[in-house]
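Enquirer:
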Amino acid sequence: MSDRYVSVAEPILGPEEHENVEAVLESGRFLQGPYVEEFEQKWADLVGVDHAIAVSNGTTAIQLSLKALGLRPGDEVVVPSLTFGSTATAIVHQAGVPVFADIDRELYTLDHTDVERCLSDRTAAVMPVHLYGHPAEMDEICAFADEHDLAVIEDAAQAHGARYRGDVVGSIGDVGCFSFYATKNITTGEGGVVTTDDDDLAAEIRLLRSHGMANRDEHVTLGYNYRMSDLNGAIGSAQVDRLAGFNQRRREISERLFEELSDLDWLRPAVVRDYVDHAYFWAPFEIDTDAIGMSGKEVWRELKERGVETRHRYVDPLYDQPVFAEHRGFNSDFPWSANEHAHDYDLSLPNVEAVAGNTIGLPNHPGLDDEDVDYVVETVQAFGDEVR
Ligand SMILES: Cc1ncc(COP(=O)(O)O)c(C=O)c1O
């Protein structure tokens with residue numbers, strides 16, 4: 003076991019976060035309040051949209067977006083097969099049916115050329131995911147969606163401040179959904195935000211997040227309690243101000259890792275298109291499991307033993323997860339039963355199969371100093387030599 007341990011993610015909190023939280027504690031007002039509003043305004047400005055609506059987490063951001071966009075029971079939403087599960091479970095929670103597309107072999111994001119295969123007369127929306135912080139191919143996806151009259155929901159949970167051809171993600175589709183979970187580029191502890199330029203959608207999402215209540219006495223629609231508390235908003239408002247600096251440091255570290263580890267025969271840095279600003283939620287590398295002679299999971303475990311924590315996800319395609327493969331929804335076959343198409347998810351999509359389980363993210367968070375990064379580079383280099 004190594005003396006040094008370089009973690010892959012940690013929240014970085016400064017005096018501003020402490021002062022804001024202290025102010026909320028002293029006010030005794032923990033509900034959604036002025037800090038949530040301040041956080042929303044700052045996030046709307048950063049993304050370049052008219053509305054940012056803070057919610058309890060990234061999953062509920064997706065749920066409320068789907069509901070506000072009018073998803074009906076059995077309606078289909080096309081998603082990439084390699085992403086965090088809640089991109090797709092959020093669809094089922096809203097009584098919709100996820101339809102799984104392949105991923106781009108180089109970018110790991112939704113393969114826009116596979117979306118056509120997924121279309122049916124029940125397709126309502128397409129949900130690209132800006133996986134690991136690299137924007138999906140939005141021009142092609144939005145053009146396809148326009149042609150087929152589909153809504154576009156950006157799952158930007160992992161891509162705070164990333165840009166696609168100059169536009170900040172979350173401002174490109176009909177709505178953008180963000181997560182501020184503790185490991186993200188910035189955090190509120192738990193939290194989420196929906197971004198949109200559409201006034202009506204924004205009003206509907208605000209109504210839905212707070213019990214569907216138009217006022218204290220009237221439940222005008224089936225709503226939820228998906229609000230963010232001011233304690234979380236207080237942290238978020240301070241964190242937003244630091245995002246640009248954090249992302250700059252993530253970029254420096256990630257680019258250094260990509261460069262210094264580019265000539266290993268068993269580890270390949272991810273491709274980054276020249277027309278994007280990557281948010282580097284991850285510094286992703288693909289493992290050649292034949293060349294190293296072990297699985298992705300074993301590499302993850304061995305590097306951890308040597309003091310380098312890595313991210314290692316997503317091990318299985320979503321279409322193989324029991325929740326989808328076995329239609330485990332509402333303790334019944336709903337919402338699949340509300341859809342006349344067969345969705346048995348008996349899939350084996352080539353790019354997903356090639357990548358699943360073979361990707362790791364090396365430590366790149368802004369709390370690392372140059373010696374930490376040196377250690378990561380040296381450890382990864384030495385590991386390849388040592389195990390062969
Ligand atoms: C791609 C993606 N979508 C959605 C989510 C859900 O966000 P949350 O964990 O805040 O519910 C996450 C969270 O990790 C995510 O990575």
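When you read off a place in the sequence shown, starting at 1, and then add 2, the result is the number in the working numbering. Each residue gets a CB set at the ideal place from its N, CA and C atoms; glycine is no exception. Just so it is clear, the structure is predicted and the values come from calculations on it, not from any experiment.
Which residues does DSSP pair with residue 53 in a beta bridge?
Expert: Paired residue(s): 198.
Enquirer: Under 7 Å Cβ to Cβ from residue 50, same chain only, skipping five residues before and after it: list those, please.
Expert: Hits under 7 Å: 170 and 173.
Enquirer: Using alpha carbons as the reference points, say which of 141, 337 and 58 lies closest to residue 233.
Expert: Of the candidates 141, 337 and 58, the one whose C-alpha sits nearest the C-alpha of residue 233 is 58.
Enquirer: Output the boundary residues of the alpha helix (DSSP H) element that contains residue 361.
Expert: Element bounds for residue 361: not the alpha helix (DSSP H) but the beta strand (DSSP E), 361-364.
Enquirer: On the CB-based measure, 16 or more other CB atoms within 10 Å of its CB, does residue 16 come out buried or exposed?
Expert: Counting Cβ neighbours within 10 Å, residue 16 comes out exposed, since fewer than 16 surround it.
Enquirer: According to DSSP, what are the bridge partners of residue 169?
Expert: Residue 169 is bridged to 166.
Enquirer: Please state whether the Cβ-Cβ distance between residue 386 and residue 266 is less than 7 Å.
Expert: Yes.
Enquirer: Rounded to the nearest angstrom, what separates residue 239 and residue 34 at their Cα positions?
Expert: Going from the Cα of residue 239 to the Cα of residue 34 covers about 13 Å.
Enquirer: Excluding sequence positions up to five away, which residues of its chain have a Cβ less than 6 Å from the Cβ of residue 253?
Expert: Hits under 6 Å: 282.
Enquirer: Does the segment 315-322 touch the segment 83-102, meaning 3 or more C-beta pairs lie closer than 8 Å?
Expert: A contact exists between the segment 83-102 and the segment 315-322.
Enquirer: Which stretch, first to last residue, makes up the alpha helix (DSSP H) that contains residue 252?
Expert: Per DSSP, residue 252 belongs to the alpha helix (DSSP H) from 245-262.
Enquirer: Using the Cβ count rule (16 or more neighbours within 10 Å means buried), how would you classify residue 279?
Expert: Classification for residue 279: buried.
Enquirer: Measure the beta-carbon distance from residue 75 to residue 337 and round it to whole angstroms, keeping in mind my assumption that it falls under 8 Å.
Expert: So it is a contact: roughly 5 Å between Cβ atoms.
Enquirer: Evaluate residue 180 with the Cβ neighbour count: other Cβ atoms within 10 Å of its Cβ, from every protein chain shown; 16 or more gives buried, anything less gives exposed.
Expert: Classification of residue 180: buried, given that the 10 Å Cβ count is 16 or more.
Enquirer: Short of 8 Å in beta carbon distance, which residues of its chain neighbour residue 165, apart from the five on each side in sequence? Order them along the chain.
Expert: Excluding sequence neighbours, residue 165 sits near 137, 171, 278 and 279.
Enquirer: Around the Cβ of residue 374, are there at least 16 other Cβ atoms within 10 angstroms (buried) or fewer (exposed)?
Expert: Classification for residue 374: buried.
Enquirer: What is the C-beta distance between residue 305 and residue 381, in whole angstroms, given that I count them as a contact (C-beta under 8 Å)?
Expert: The pair is a contact, with the Cβ atoms about 7 Å apart (cut-off 8 Å).
Enquirer: Residues around ligand 1, please: the ones whose beta-carbon is closer than 6 Å to some heavy atom of it, in chain order.
Expert: After applying the 6 Å Cβ criterion, the set is 59, 60, 61, 85, 86, 88, 89, 131, 157, 159, 160, 181, 183 and 194.
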